[in-house]
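Novice:
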Amino acid sequence: MKMVYLLTLLWVNLGTYAQAGTFDNEFVVFKKTASAQALYTFLYAMPKGGDLHNHSTGSNLSEWWYEEILAQEKKGYTYYTKVKINNCRGYGTNEFSGSPYLMFFINIQAYEYNQLNRCEQGEYLRIQDLNDEQKRAWLNSIRIDNASEGRDEFFQRHWARINSLMSNPYMQANLIVKNMQAFGAEGLTYLETDAGVRGFVHPDGSPFDSEEVYQIYLDRFAQKDALATGVTVRLQYAFVRFNTHAEDRLKWMYGFVTSHSALYVGVDIVGREDNDKGHPLRFLPTLRELRHQYHGVNLSLHAGESDEPNYHIRDTLLLGATRIGHGLNLIDDPDTLLLMRNSQYLIEINLISNLLLEYVDDYAKHPFPEYLRLGIPVALSTDDRGMWDSNMTDEYYTAVTNFNLSWSELVKLGANSITYSFLDDKTKQQLLDDYYQRITAFESAYSDKKMAAFDNLKPQSYSFACKKFKICF
1 MKMVYLLTLL WVNLGTYAQA GTFDNEFVVF KKTASAQALY TFLYAMPKGG DLHNHSTGSN
61 LSEWWYEEIL AQEKKGYTYY TKVKINNCRG YGTNEFSGSP YLMFFINIQA YEYNQLNRCE
121 QGEYLRIQDL NDEQKRAWLN SIRIDNASEG RDEFFQRHWA RINSLMSNPY MQANLIVKNM
181 QAFGAEGLTY LETDAGVRGF VHPDGSPFDS EEVYQIYLDR FAQKDALATG VTVRLQYAFV
241 RFNTHAEDRL KWMYGFVTSH SALYVGVDIV GREDNDKGHP LRFLPTLREL RHQYHGVNLS
301 LHAGESDEPN YHIRDTLLLG ATRIGHGLNL IDDPDTLLLM RNSQYLIEIN LISNLLLEYV
361 DDYAKHPFPE YLRLGIPVAL STDDRGMWDS NMTDEYYTAV TNFNLSWSEL VKLGANSITY
421 SFLDDKTKQQ LLDDYYQRIT AFESAYSDKK MAAFDNLKPQ SYSFACKKFK ICF
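Position one of the sequence shown corresponds to residue 1 (my numbering), numbered consecutively onward.
#1: Ends of the beta strand (DSSP E) at aspartate 194?
#2: In this structure, does DSSP put aspartate 204 in helix, strand or coil?
#3: Which value, in whole angstroms, describes the spacing of the CA atoms of serine 300 and tryptophan 407?
#4: Tell me the rounded alpha-carbon separation between aspartate 448 and glutamate 26.
#5: Let me know the secondary structure DSSP gives arginine 373 once reduced to three states.
#6: Which term fits leucine 284, buried or exposed, when burial requires 16 or more other beta carbons within 10 angstroms of its beta carbon?
#7: Does the Cβ of phenylalanine 239 have 16 or more other Cβ atoms within 10 Å, making it buried, or fewer, making it exposed?
#8: Kindly indicate the opening and closing residues of the alpha helix (DSSP H) around isoleucine 418.
#9: If we ignore side chains and look at the alpha-carbon of each, how far apart do tyrosine 214 and isoleucine 471 end up?
#10: Could you check which residue in Lys84, His326, Tyr66, Ile313 has the C-alpha nearest to that of threonine 336?
#11: Mind checking who serine 381 pairs with in its DSSP beta bridge?
#12: From which residue to which residue does the alpha helix (DSSP H) around threonine 258 run?
#13: Measure the CB-CB distance between asparagine 509 and proline 377 and report whether it falls below 9 angstroms.
#14: Strictly by DSSP, which residues pair up with lysine 82?
#15: Apart from the five residues on each side of it in sequence, which residues of its chain come closer than 8 angstroms, Cβ to Cβ, to asparagine 174?
#16: What would DSSP say about glutamate 348, mapped onto helix, strand or coil?
#17: Per DSSP, what kind of secondary structure is isoleucine 439 in: helix, strand or coil?
#18: Tell me which residue opens and which closes the beta strand (DSSP E) that tyrosine 264 is part of.
#19: In its own chain, which residues sit with a C-beta less than 7 angstroms from the C-beta of glutamate 95, not counting the 5 before and 5 after it?
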């Protein structure tokens, strides 16, 4: 039934849209003549759907973290970061963070700092006390900013540096709103991001109750500046697949998501796949048990983000997932690839992430166009865009310039990001209707005025576009 519903949703809206005429020929002409800046501006202005593969902590730009850290002093939070190593312990692990001792820019809260000995306190500075050089280095410490960084830097060190910044629920909620504002400015109307309610602490280190954190989210997303973005936000609850007690966390999450469906729409199983302790079939008994108890819990999984061929995507479908994060090595599993053609299963494509984390070294080897043109449902997404210092327009620009996408394909990608979302049917239909109306208005504006229609628009781009595309607004 779900497949019939999805196809009906697409046919009805595409039929309505097709009646207004297509834009493909104009887009072909535009691509041939447009400068890089003009194409980027066009794609920035273009209406988009949603971002379905988004990790809230990894999606925050370094500058946003800095601004928010300073703003949180009003709530009693003060943060310190490690700027030197005094060999206070030699080799070992920071008692509070679990982060490696021999690493700069580990971030801790004041209550943690106060528990350090004097030698270790000498290794840290309040973040607002960093000098200009230290601040630049701190900003760069949580993003991929040079060619020597890659997968291990991202998985093993970036998150370890962020550390205690992730345990403040007010900052978490505010940063999601910053993402909503930025996404709204580039034409998105939906954000489905990973965010939890456990592990948050007050300035004195005492824990928040989960229900209190949930209410913080609800209240923050209902404020005027959040509503003004025009972006509908929903949350997935994520857990790391290779942790020791992952099954217990999965059971708890199913219960929580079911009882908090006003905001939470699914469960997301994450974590690097080259750690075999997190292989998909590990969770099959648990999920079968949960399906005896719960209904309507949507499941997405990172799968196929791997260098070697395997059957993780097939196994992920067996778990009950309807969305696959990355899906790179599906190309090496022809039986599962055939199963996913024209199906209810969507692959969340993260082009920039795949390049920077070295799962592809050249877009000529990326399977995205093969999936798209074989009829496998796909949508572009940003993954951990704060660490790439990028936006959704960068994903679209990468796709257009590397794979010669047609206008119809671009429109379909945006529609897929709503159609295959975990939204309730009513909200999904409203966002789809709005999406096609915005697309039609965009086409008319360009047909009438060409690029003059965007004369008052200045795209917000970041360092990825400047370095990779030489587009620096």
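Cβ coordinates follow ideal geometry from the N, Cα and C atoms, glycine included.
Specialist: Straight from the coordinates:
#1: 190-194
#2: coil
#3: 28 angstroms
#4: 12 angstroms
#5: helix
#6: exposed
#7: buried
#8: 407-419
#9: 40 angstroms
#10: Ile313
#11: DSSP output for serine 381 lists no bridge partner at all.
#12: 246-259
#13: Look at the range of the chain in this structure, 1 to 473, and you will see that residue 509 is not part of it.
#14: Tyr124
#15: Glu68, Ala71, Arg220
#16: strand
#17: helix
#18: 264-270
#19: The predicted position of glutamate 95 is uncertain, since its pLDDT is 49 and thus under 50; a value taken from the coordinates is nonetheless stated next. Counting only Cβ-Cβ distances below 7 angstroms, and skipping sequence neighbours, we find nothing.
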